[in-house]
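Residue numbers (the working numbering), protein chains in the order written: chain A, 1 to 134; chain B, 1001 to 1282; chain C, 2001 to 2359; chain D, 3001 to 3307.
Note that CB positions come from ideal geometry on N, CA and C, so glycine has one too.
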Amino acid sequence: MRANWKVVLPTVLLALAAAFAARAHHSFTATYFEDRTITIEGKLLQFMFRNPHSFVHVEAPGDDGQMHRWAVEWGGAGALAGQGVTNQTLRAGDVVKITGNPGRDAADYRIRMQYLRRDSDGFEWGKKPGESFQ
Amino acid sequence: MRALVLCGALAAAFAAASAHAQIDISGEWAGKYHEDFDDRVPGDVQGDFTGVPMNDAARRFAESWDVTRVNLLEHQCQPYNVAHIFRGPMQFRIWAEKDPATQSIIAYREYLGTYQQYRTIWMDNRPHPPEYVPHTNMGFSTGEWHGDILTVTTTHIKKEFYRRSGIPSSDRTTLVEHYIRHGNLLSHVMIITDPVYLTEPYLNSEEFVLMDRGNQNWLYNCEYVMEVPMDKNKVPYYLPGMNPFIEDYAKKFGLPFEAVFGGAPTMYPEYQPKLEQLMKRR
Amino acid sequence: MTRVAPQSAPRPRRAAAARRAVTGLAIASLLAASGARAQSGSPFDGTSPERVSYSASDKDARSGMDRAERTVDGVETYHVQGNVYMLIGAGANVAVQVGADGVLVVDTGGGAKRAAVLAAIRRLSSGPIRWIVNTSAEADHTGGNETISQAGQTVNGNPAAIIAHENALARMTDANRPITELPLNTFFEPSRDFYFNGEAVFLYHPQNAHTDGDVFVYFRGSDVLVSGDLFTTTQYPVIRADQGGGVDGLVAGLNQMLDIAVPKYLQEGGTYVIPGHGRVCDEAELLDYRDMVVIVRDRIRNLAAQGMTLQQVLATRPALDYDGRYDSPRGAWTSAMFVEAIYRDAGKTTSGKQRAAAK
Amino acid sequence: MSAHRRFGRRVALASCAAVLTGLGVQASAQPRPPANAPASPKAGAPIDLTGYWVSVVSEDWRHRMATARKGDYESLPLNANGRRTADAWNLDADSAAGAQCKAFGVGGLIRQPGRLHVTWADDDTLRVDFDAGTQTRLLEFASTAQPSGEKTWQGFSRAQWLRPPQAGGGPARAQIGNNTGPIAPGGGGRGQRGGPELSPALAEGGSLKVVTTNFRAGYLRKNGVPYSESASITEYYHRLPDAPNGDVYLDVVTIVEDPEYLNEPLYTSTMFKREANGAKWSPTPCRTAPPPAGPQAAARPAEPLPR
């Protein structure tokens, strides 16, 4: 796994989107290390465009060198729709690069989406690693 | 001209003097979050137990709470119950069901945008149902007016949480609400008793403002999916004393964990000197 | 458990429940789920503001009886869903399924109230009592067997047939129960099913759970589970090691019921569960109970693995967070007894299948 | 004054009279105090607020029980100026300047953990003593009372009882859902045809409205979050119906409008529980405990409403 650990300030925009998309499902801050980021690259297995939060499952290597099914948590369907994301934006088989906050339990292989890029057509969402809106 | 100004002033005063009579609580109300915003809306780090009169049983439950439990298929779409839902991001609609023959209000109905929950507040003095009937997230509610204060008592509430930090509520919770309207402001007070997890009543009060231009934010659907791959029968938890995140809130804000986790004694003025001493030692 | 999301199809065995779950995603269904259930047969069924009934009454919507009419000598009747009613106040809960084919009774309560149980059944249906199912050999679940059976009749003219797992029959035989109380229609396989009153009825046998002779029942059309003592809302689960019970089997049984139960909307309604004792529940409460048993079991096993004696384990109050809800210090099954049962069960070997299911 | 202007003035006055008459008619349609309404605010108080009340700090705990770090203005709709000012807070400088009471002024005092002792100073003045900071507020019901020229920490408070509609004045509005005017039980005028038997509970209680002006600038919170002298502060005091366990609670809703520091009105509600006596009454000087050591908080500012 190409993991670049760095401190990233939480952004107001994403926090706000999370806040009202979350609708009290759970606290992102309590679930992920918001002061760390991790990057994975792999093949998209499933895109669950739904509430309370959308999820993207990606097959990518973990730091043990083995392939894992990573669960990447995204905004709720309503919040993402407001940002132009639809249930057809991503498709199984897409090769994507995702940067986000790692889950507090490494064994869960989960990430809170901060940035996604699909090289095949240059589609991007969120803020690039290290970028801050503040 | 001066006369018209005087007239305007008198008219305004007159209007103000008679403005208080409004007691119709019908309408669409949007929450204000000027208290405990981080806990109520986005959620903060794990371990905010401040201001809740939790007992030792609630502490043990909270110690064991692993936030990933809400990712389980059976947990991921569980709504807040009625004793908690007013603390989240919320807008709700109230309307009256009236008897066409007498125009008496038989019940108030509420539609809560969060989780699309409906409530019925019976105003016809009917008794609460026997204990053996199913409990629901919104419970069974009866109401009565005390002057311009609508007091609602709710039982038969499902177990849930008082905080996402893992402070549990039990199915023996009784909620007493007070609705008080002043103009376009609706004050909502909750007095929660729970013999299983609280040592004394837990008080919450929220403000709602009348929505003057509506909003599309009324729908909430939740689709069950395997959010995070895991054994479908797994129950995420921490063994007592093994929760690595329980002190995150205390550490983030420079507070003594003993105080954050202290329950009712920490909610009264006389605790301030002790808190200051504890903070000095840090 | 199987969940029904638009992108996933339900397994055939659960097609009926799946259809209900899909329907349940509609707001109208939500109203029925959240409104009607807590209102004890209220005419304001909460399904929509336009369908408000303005009279305050606790008449049961299905039977038309008010609460007094639904009570016989302290045994009260509550319509759960579909063809299924619950009788409360006879010891263990009694489930009664009524329909064109007659009456099926799950458990018969303690002996002291057997006449009241029969009278309550008769108020629901004058049809023949064809079948009785015992969820275990417990006296407070089987005490009315003789009375109810003798009042019934199978199609070939015998008293109503009593069905149970064969281990339950063995336990009752060992206890010298009269032959008229014994479940002579037994089975030994993991499940048994048949069709009665227009719906499929499934009997499942979780191995080594509360005892080694447990059965829980699922009425597929009515969408009601009858759990027996695997699940109660009044106390911790009773694990009878002396009768082949075990905590892993209990957890496996609870997980099996969770696989069957499907909520109507956001963890509410849908499949209802009649517990061995206590109030009617849905999947959410069954889930909390399962979580509780797993968490307490694992705490005790962790302490036992550290070499703690039973007294040392008890001193840590491993079920402290649930004692306020499930301990019954003056009851027949206390928190300490529950902890001891799990502690002594810690070294017991279970089948690989059970271990997997109990994870 | 020319005849033309005299005429115009007459027209204006006539219009004014008509408007006021109309308002009067409208006002008369609103519920009025009962015919035997007592003469003084004290004797006619619809609720009894007197006695000792202790704050129950179940909300904003870290901002109320403790002193939060500088820059931690969670939940508050501060504008840029408000944040800049809060970020410049210096507790030592306040102490050196003798401004320790800035956190105990009318804009923040109600949020300070402490006890209230409510008494009637006279028939027209409700006195509220706070042991936190040893402060006193006088809530003036008499229209003749006027603020002195000097601004004070607690300012000048104009009080008004808000009474529920009385029998004959329309308590049934709540019960029958008719909010346009009174109705007579069993039938009556105004084109209405009767209603259900009225519950006496509909005429119970009331609330107290207080509007405060003429105050010095101070802090909304202990950690220097400011309010200005030009703010408008309105409060509603609600004595809640007795709880089933006998507890008596007071809910004080405070609305602070301060364009200098706030983007929108600030709404808080503060809960108190009645105490049998003053055994725990403990006056303390204006003093703010130091915030915890550590970096200035990077608290998330209050977000706009989900509307």
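Asked, Found
"For the alpha helix (DSSP H) that Arg2344(C) lies in, which residues bound it at each end?", "2335-2345"
"Determine whether the Cβ of Val2293(C) lies closer than 7 Å to any Cβ atom of chain B.", "no"
"For Val3248(D) and chain B, any beta-carbon pair shorter than 7 Å?", "no"
"Leaving out the 5 sequence neighbours to the left and right, which residues in its chain are closer than 7 Å to Ala1250(B) when beta-carbon positions are compared?", "Gly1047, Pro1256, Phe1257, Val1260"
"Report, in whole angstroms, the separation of the C-beta atoms of Gly3098(D) and Tyr3227(D), which I expect to be a contact under 8 Å.", "Contact flag wrong, Cβ pair sits at about 19 Å."
"Could you check which residue in Asp1124(B), Arg1087(B), Glu1110(B), Gly1088(B) has the C-alpha nearest to that of Thr1102(B)?", "Asp1124(B)"
"Count the CB pairs spanning the stretch 2132-2139 of chain C and the stretch 2152-2169 of chain C that are closer than 8 Å, and state whether there are at least three.", "yes"
"So which residues of chain A does Thr1068(B) contact, with C-beta pairs closer than 9 Å?", "His26, Thr31, Gly103, Arg104, Asp105, Asp108, Arg110"
"Please list the terminal residues of the continuous alpha helix (DSSP H) segment that includes Asp2259(C).", "2247-2260"
"Kindly indicate which residue of His2277(C), Ile2274(C), Tyr2236(C), Leu2310(C) has the alpha-carbon position closest to the one of Asp2323(C).", "Tyr2236(C)"
"I'd like to know if Pro1265(B) contacts chain D, where contact means its C-beta is closer than 7 Å to some C-beta of that chain.", "no"
"Tell me, please, whether the CB atom of Arg3083(D) is closer than 7 Å to any CB atom in chain B?", "no"
"When we look at the beta-carbon of Ile2179(C) and count the other beta-carbons within 10 Å, is it buried (16 or more) or exposed?", "exposed"
"In the DSSP assignment, what residue or residues form a beta bridge with Lys3151(D)?", "Looking at the DSSP assignment, Lys3151(D) forms no beta bridge with any residue, so it has no partner."
"Helix, strand or coil for Arg2095(C) per DSSP?", "The sequence shown places Ala at residue 2095(C), not Arg. Three-state DSSP puts Ala2095(C) in a strand."
"Got a sec: is the Cβ-Cβ distance from Val2226(C) to anything in chain B below 7 Å?", "no"
"By Cβ distance, which residues of its chain are closer than 8 Å to Leu1275(B), with the 5 residues on each side in sequence left out?", "Pro1256, Ala1259, Thr1266"
"Does any residue of chain A bring its CB to less than 7 Å from the CB of Glu1063(B)?", "no"
"So, is the C-beta of Arg1060(B) closer than 7 Å to a C-beta in chain C?", "yes"
"Using a cut-off of 9 Å between C-beta atoms, extract the partners of Arg118(A) located in chain B.", "Within chain B, no residue comes near Arg118(A); the closest Cβ sits about 22 Å away, beyond 9 Å."
"Taking C-alpha atoms, which residue in Gln1272(B), Ser1170(B), Ser1187(B), Leu1210(B) lies nearest to Trp3061(D)?", "Gln1272(B)"
"Count the other CB atoms, across all protein chains shown, that sit within 10 Å of the CB of Phe2194(C); report buried if there are 16 or more and exposed otherwise.", "exposed"
"Which of helix, strand or coil does DSSP assign to Arg3216(D)?", "coil"
"Look at Ala30(A) and Val1228(B) and say whether their C-beta atoms are less than 7 Å apart.", "no"
"Counting contacts by CB-CB distance shorter than 7 Å, is Arg23(A) in contact with chain B?", "Caution is warranted here: a pLDDT of 45 is assigned to Arg23(A), below 50, making its placement in the model unreliable, and the coordinate value is therefore given only provisionally. It does: the Cβ of Arg23(A) has a partner Cβ on chain B nearer than 7 Å."
"Helix, strand or coil: which one does DSSP assign to Gly2111(C)?", "helix"
"Can you give the Cα-Cα distance for Arg1126(B) and Gly2276(C), rounded to whole angstroms?", "29 Å"
"What does Trp1122(B) pair with, by DSSP beta-bridge criteria?", "Ala1107(B), Thr1142(B)"
"Using a Cβ-Cβ distance cut-off of 7 Å, determine whether Asp2066(C) contacts chain B.", "no"
"Taking the beta carbon of Arg1119(B) as the centre, do at least 16 other beta carbons fall within 10 Å, making it buried, or is it exposed?", "buried"
"Which residue or residues does DSSP assign as beta-bridge partners of Lys3070(D)?", "For Lys3070(D), which the question treats as bridged, DSSP gives no partner whatsoever."
"Count the CB pairs spanning the stretch 2180-2193 of chain C and the stretch 2146-2162 of chain C that are closer than 8 Å, and state whether there are at least three.", "yes"
"List the whole-angstrom C-beta distance separating Tyr32(A) from Arg117(A), where the pair is believed to meet the contact cut-off of C-beta under 8 Å.", "At roughly 20 Å, the Cβ-Cβ gap does not stay under 8 Å, so Tyr32(A) and Arg117(A) are not in contact."
"Is the beta carbon of Asp2345(C) closer than 7 Å to that of Ser2335(C)?", "no"
"Considering only DSSP beta bridges, list what Gln46(A) is partnered with.", "His57(A)"
"Give me whichever residues DSSP pairs with Glu1227(B) in a beta bridge.", "Looking at the DSSP assignment, Glu1227(B) forms no beta bridge with any residue, so it has no partner."
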